[in-house]
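The listed protein sequences correspond, in order, to chains A and B. Just so you know, numbering that gives the first Met the number 0 puts 117 at position 118 of the first sequence, and the rest follows in order with no gaps. Just so you know, numbering that gives the first Met the number 0 puts 101 at position 102 of the second sequence, and the rest follows in order with no gaps. Worksheet: the structure to be examined is printed underneath.
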Amino acid sequence: MSTLAHVLEAAGLSTVVLASMRDVVERMHPPRALYCEFPLGRPLGKPADPDFQRDVLMHALALLEAEAPVIADYPEVIVAEEVPMACPVPALLDGDLPPCVEEAQGLRAAYDRALARRGVTSVGRVIDADGVPAALEVLHRWGRGSAWTEDPLPGKNTIAVCLDIRTYYEEAALELVDGPPPGGRQVETWFYEETEGGRTLMAARGALRDQEAPFPFWFYMAPGHR
Amino acid sequence: MSGDQAMRDLAAGMPVPEFETTAFTTPSVPLGEARVAIVTSAALHRPSDDPFTATDTSFRTLAAGDRDLMLGHWSPNFDRAGLAIDLNVAYPIDRLQELADEGVVGEVAPRHFSFAGNQPDTVAEIRLDSGPACAAELVADGVDVVLLTPV
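If you want it as structure tokens, here you go:
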């Protein structure tokens, strides 16, 4: 974003960056930056909080008064909560299906409600919602020793498939929780630590690493710190 | 360690593009008369657009009225749920319209622009190609002020 600020400013536009990494913005010295120590992915800080978002914008726009390059700090810090989100997962029947497949099917109604309410989904990069159970079934087999080179994944691209699966779960989960919006990364934590789908994905990721698949194929299947 | 701290620590140790000087354009009109656009690196796009590829250096155009937007960013390393809850948490288009309605800013630009934050380290394409192309579109729209939002 700081790179674009330099480029746009040179073209005669006045810019303000909402910076999310202070060290980076200090080294790149864009014309005007408001450093906001908020959860990454939430540069305006709080979803569904118009007053807070407005305040961030007002702080940012105030920097247009500066007569020289400036980096300012937004006064409030928001730390991503590490507490898991309290979201139910479907009861499993202990049937013939892998638990992750049964679970994904059980979340379908919530996913469909989310889609109907929002009018758009970010699932569909390489597989759609109908394809999530079949993709999970392959990841389940990978995690149990199936060779990834001989057991093809629908959608092929491991990173994209995993983003689609995670997004399917996250969009469904947001239909199942009450109360204020979950904090930063709480939904991510729920997915990777509380669901069969998340555990299946992580097991498959480990299996690919152990089978010496190319680094990007498995590493970016999940956040780096996991 | 939290995912956000891990990413901030990682970024702190990475090389960044060097700019010897900082271009600085003083707004030519007061904020209350300025036309304002948003440029985001969240890789937002309309379902009908070409999706972003994993190394996409180009941008997508968002009309001011677009709300049904997909999150096309390829990184798993940030919170994606916030955007699913409220587009404005990374693309504050409704907040900007409210500020225009109140006269705090002059008006909302007709078009806004979206890049993918996962760029090659040199960001050469953005510096030399797609960035200047985006700037030309903004200038053509008579934009005065650009708010840049990352994810």
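Even for Gly, the Cβ is constructed at its ideal location relative to N, Cα and C. As the structure is a prediction and not an experimental result, all values here were calculated from the model.
Would you report the Cα separation of residue 84 of chain A and residue 175 of chain A, rounded to the nearest angstrom? 11 Å
I'd like to know whether the C-beta of residue 107 of chain B is nearer than 8 Å to at least one C-beta of chain A. For residue 107 of chain B, the answer is no, since every Cβ of chain A falls outside 8 Å of its Cβ.
Kindly list the residues whose CB is nearer than 7 Å to the CB of residue 55 of chain B, restricted to its own chain and excluding five residues on each side of it in sequence; keep chain order. 115
Strictly below 7 Å CB to CB, what residues from chain A border residue 128 of chain B? Within 7 Å Cβ-Cβ: nothing; residue 128 of chain B doesn't reach chain A, min ~10 Å.
Nearest to residue 241 of chain A (by Cα), restricted to the options B:9, B:144, B:98: Nothing can be reported for residue 241 of chain A, as the shown portion of chain A is limited to 0 through 225.
Is the CB of residue 81 of chain B under 8 Å away from at least one CB in chain A? yes
Is residue 20 of chain B buried or exposed, if buried means 16 or more other CB atoms sit within 10 Å of its CB? exposed
Could you pull the start and end residues of the beta strand (DSSP E) that residue 2 of chain A belongs to? Not the beta strand (DSSP E): residue 2 of chain A falls in the alpha helix (DSSP H), residues 1-9.
Helix, strand or coil for residue 22 of chain A, going by three-state DSSP, please let me know. helix
Cross-chain neighbours of residue 125 of chain B in chain A, by beta carbon under 9 Å: Per Cβ cutoff of 9 Å: 2, 3, 6.
Indicate whether at least one CB of chain B lies closer than 8 Å to the CB of residue 150 of chain A. no
Which residues of the segment 156-179 of chain A have a Cβ closer than 9 Å to any Cβ of chain E? Give them in chain order. Looking at the structure shown, chain E is missing, and the protein chains on hand are A and B.
Against chain A, with Cβ distances strictly below 8 Å, would residue 55 of chain B count as a contact? no
By DSSP, does residue 58 of chain A sit in helix, in strand, or in coil? helix
DSSP state of residue 80 of chain A, grouped into three classes? coil
Less than 8 Å between CB atoms is the rule here; does residue 16 of chain B satisfy it with respect to chain A? yes
Below 7 Å on C-beta distance, what does residue 310 of chain A contact in chain B? Here chain A has residues from 0 to 225 only, and residue 310 of chain A is not among them.
Just the Cα atoms here: how many angstroms apart are residue 141 of chain A and residue 207 of chain A? Cα to Cα, the separation comes out at about 8 Å.
Under the assumption that residue 142 of chain B contacts residue 62 of chain A (Cβ atoms under 8 Å), give the Cβ distance between them as a whole number of angstroms. The Cβ separation is near 17 Å, so there is no contact.
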